[in-house]
Each structure stands twice: as C-alpha cells, then as structure tokens.
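My numbering numbers the first residue of the sequence shown as 2 and each following residue consecutively. Idealized CB from N, CA, C, for every residue including glycine. Since we're looking at a predicted model, the values are computed, not measured. To start, the structure under review is shown below, and the notes come after it.
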Amino acid sequence: MDQYAVLGNPVKHSRSPRIHQLFAQQLGVEIEYRAIPVELGAFSDTVRSFFLAGGRGINITLPFKQEAFQLAEVHSQRALRAEAVNTLLLGKNNLFYGDNTDGVGLLRDLQRLQFPLEGRRILLLGAGGAARGVLAPLLEARPAEVTIANRDEGRAALLAHAFGDLGRVRSAAYRDLSGSYPVIINATSASLAGELPPLPEHILTQGGYAYDMMYGSQPTIFMHWALQAGAAEVHDGLGMLIEQAAESFFLWRHQRPDTAPVLATLRAELAG
Ligand code: NDP
2 MDQYAVLGNP
12 VKHSRSPRIH
22 QLFAQQLGVE
32 IEYRAIPVEL
42 GAFSDTVRSF
52 FLAGGRGINI
62 TLPFKQEAFQ
72 LAEVHSQRAL
82 RAEAVNTLLL
92 GKNNLFYGDN
102 TDGVGLLRDL
112 QRLQFPLEGR
122 RILLLGAGGA
132 ARGVLAPLLE
142 ARPAEVTIAN
152 RDEGRAALLA
162 HAFGDLGRVR
172 SAAYRDLSGS
182 YPVIINATSA
192 SLAGELPPLP
202 EHILTQGGYA
212 YDMMYGSQPT
222 IFMHWALQAG
232 AAEVHDGLGM
242 LIEQAAESFF
252 LWRHQRPDTA
262 PVLATLRAEL
272 AG
C-alpha cells in the first residue's frame with residue numbers, strides 16, 4: 002500500500018490523515034497516511050528514512066516548513082516564493098521535490114466562497130509563514146492592492162518588498178491603518194490564543210468579507226469580531242486546509258479529489 006505521512010511537532014491532532022483517507026475512499030484507492038511526530042533536529046533523517054522505506058509523499062507542518070524548503074533539491078515556483086515547503090515527493094532522478102500548496106488552498110477556498118478579490122483592496126493580517134505562502138496567489142487574483150499589517154512592522158515591510166514585483170503590495174502598522182477594506186484575511190495565529198489583532202474601528206467595509214485561516218469547532222474570536230463589524234461573509238480556514246491537502250494529493254497521485262463532501266464530513270466531525 003502507498004505510504005504517506007505528515008511530519009510536525011506537535012502533530013497528534015492533525016486532521017491530515019483523516020482528510021487523505023477520505024480522499025482515498027472517494028477515489029476507490031487504498032493508502033496509508035500517518036501523523037509522525039518529529040523531534041527538533043531529527044527532521045531530515047526522518048524524511049530520508051521514510052522515502053528509503055518506499056514512502057510516496059510527505060506533508061510538513063509547523064515548525065518544519067522552512068527546513069523542508071532547505072532539504073528539497075528541486076522547488077516549485079510557488080515554494081520558491083513562499084520559501085517554505087509543505088509537500089515533498091521523490092521527483093526526477095530521485096531528487097527531493099518540494100512544493101507549497103497552502104496558497105493555492107486558500108485561493109481555491111476563497112473562490113468557492115465567492116470572495117470578490119479582483120480590483121478590491123485586501124487587508125492581510127500577519128507576516129509569518131502563512132501570510133508569505135498566500136501572497137503570490139493572492140496577488141495573482143489581481144486585487145487593487147494588498148496591505149500587510151503586522152505587530153512587528155519590519156516583517157510586514159520585508160514581505161511587501163519581496164512581493165512588490167507581483168502587484169501593488171504595501172505594509173502598515175496596525176495603528177496606521179486607515180480607510181476600510183472590503184476583504185480582510187487573518188493570517189495571524191492570534192485566534193489560537195483567543196486574541197484579536199489590534200484593528201482600528203471601521204476597518205472592515207460594511208457588508209465586507211472576512212476569513213480566518215484558523216479553524217475549530219467554534220467560530221474564532223476574529224470571526225465574532227467580523228460579524229459585529231458588519232461583515233456579510235465570515236469563514237474559517239477548514240476549507241483552506243482541505244484544499245491544500247487536495248493539491249498535495251494531486252501532486253502525489255495525479256488524481257484530484259472532490260473537496261466538497263470531505264469538507265462537509267470534516268465540518269460535521271469538528272462540530273460533533
Ligand atoms: P507564524 O508563527 O509564522 O506567524 C504568526 C503571525 O501571527 C505573525 O505575523 C505574528 O505577528 C502574528 N501574531 C501572533 N499573535 C498575534 C496577536 N496576538 N496579535 C497580532 N498578531 C499576532 O504562524 P503561521 O504564519 O504559520 O500561521 C498563522 C496561522 O495560520 C495559524 O493560526 C495557523 O494555524 C494558520 N494556518 C492555517 C492553514 C490552513 O490550512 N487553514 C495553513 C497554514 C496556517 P509578529 O510577527 O508580530 O509576531
């Protein structure tokens with residue numbers, strides 16, 4: 002049976018094994034997909050042993066995406082842009098091929114949800130790995146502009162500089178944000194700690210769209226904030242998680258699962 006795994010620390014609660022099992026069931030194939038906890042310092046050895054034993058593909062989650070980028074010998078364009086790898090496979094000449102499917106995962110989910118992006122001002126909160134991974138595909142959707150806001154302004158400025166060739170992108174401190182944005186995407190990990198980024202009042206356009214990359218059994222604090230701020234559409238990141246998984250599955254097996262029923266199942270399982 003073809004073997005896959007997600008490597009991370011911690012990784013016990015990862016939904017990826019469940020998602021990939023559902024993809025496999027849907028497509029009538031049998032795979033084994035495990036969550037493997039990896040000690041810091043043991044990442045590359047674990048990857049090598051997994052592939053030496055015949056493994057077919059690996060997903061990488063926190064905190065190893067940059068290390069996976071270093072380990073990959075060949076990179077997709079989107080991995081090069083993100084400077085992070087969340088999907089590994091053995092490519093031509095048995096070289097490690099690294100890709101990053103987070104950005105396309107977000108964009109597919111935003112398309113499913115019919116977020117208007119083209120010609121709009123988008124506010125992206127956060128300048129960590131998730132923000133970096135989604136910037137290129139976001140800019141490809143041809144927004145009027147992307148503003149990156151982050152507590153550490155320097156990180157936001159570096160990102161804006163790195164992606165400036167792909168479209169209009171600028172950075173701002175939270176306190177300097179002005180006007181209102183019809184689309185706000187939360188790529189911070191603040192919701193994880195039950196915190197809100199320090200957003201000024203009226204920053205979300207009435208009837209606007211809000212997306213939190215975090216997900217859980219309950220709406221996040223950011224989703225509550227957005228509803229109170231007058232958002233018409235508010236969503237969490239479960240759809241993004243499933244779409245990035247579907248893209249990894251496609252890279253490994255050249256088969257594209259239908260994500261809608263898997264999202265419905267995962268949503269029900271989360272709620273239950
Ligand atoms: P990083 O640790 O790389 O970055 C964290 C970011 O959050 C930084 O910009 C940090 O700001 C900011 N931040 C943390 N706490 C606060 C706070 N209280 N107020 C304001 N800003 C804060 O994490 P990632 O970028 O990898 O992940 C970010 C989130 O995205 C996580 O919740 C993760 O679960 C989610 N994610 C979801 C995915 C999905 O498929 N749905 C895929 C990938 C990520 P500063 O630089 O100032 O410290």
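Burial state of GLY208 (16 or more Cβ within 10 Å): When all chains shown are included, GLY208 counts as exposed.
Heavy atom of ligand 1 within 6 Å of GLN245 beta-carbon: The nearest non-hydrogen atom of ligand 1 is less than 6 Å from the C-beta of GLN245.
Alpha helix (DSSP H) runs wholly inside the region 43 to 120, at least 4 long, in chain order: Within the region 43 to 120, the complete alpha helix (DSSP H) runs of at least 4 residues are 44 to 53, 66 to 72, 78 to 83 and 103 to 113.
C-alpha gap between ARG19 and SER249, whole angstroms: When rounded, the distance between both Cα atoms is 14 Å.
With 16 other Cβ atoms within 10 Å as the buried cut-off, status of GLN245: Counting Cβ neighbours within 10 Å, GLN245 comes out buried, since at least 16 surround it.
Reference VAL135; option with closest CA among LEU96, GLN115, LEU91 and VAL86: When each option's Cα is compared against that of VAL135, the closest is VAL86.
Near ligand 1: ALA128 beta-carbon under 6 Å from a heavy atom: Of the heavy atoms belonging to ligand 1, at least one sits nearer than 6 Å to the Cβ of ALA128.
CA nearest to the CA of ASN101, picked from GLN112, ARG133 and ALA232: With distances taken between Cα atoms, ASN101 lies closest to ARG133.
Straight-line Cα distance separating GLU33 from ALA6: A straight line joining the alpha-carbon of ALA6 with that of GLU33 spans about 8 Å.
Option nearest LEU193 by Cα separation, candidates SER179, MET224, VAL184 and ALA80: Restricting attention to SER179, MET224, VAL184 and ALA80, the CA atom closest to the CA of LEU193 is found in MET224.
Minimum length 3: unbroken beta strand (DSSP E) runs contained in the region 121 to 151: Those beta strand (DSSP E) runs which fall completely within the region 121 to 151 and span 3+ residues are 122 to 126 and 146 to 150.
Proximity of ASP213 and ASN187 at Cβ, strictly below 7 Å: Cβ distance < 7 Å, so ASP213 and ASN187 count as in contact.
Cβ-Cβ distance between ALA1 and LEU205 below 7 Å: Not covered by the structure: residue 1. The range shown for the chain is 2 to 273.
Inter-residue Cα distance where the pair is ASP153 and SER179: Here the alpha carbon of ASP153 sits roughly 18 Å from the alpha carbon of SER179.
DSSP three-state assignment for TYR212, whether helix, strand or coil: Correct three-state label for TYR212: strand.
Cross-strand partners of LEU205 (DSSP beta bridge): Its beta-bridge partners are TYR182.
Burial state of MET2, where buried means 16 or more other Cβ atoms lie within 10 Å: With fewer than 16 other Cβ atoms within 10 Å, it is exposed.
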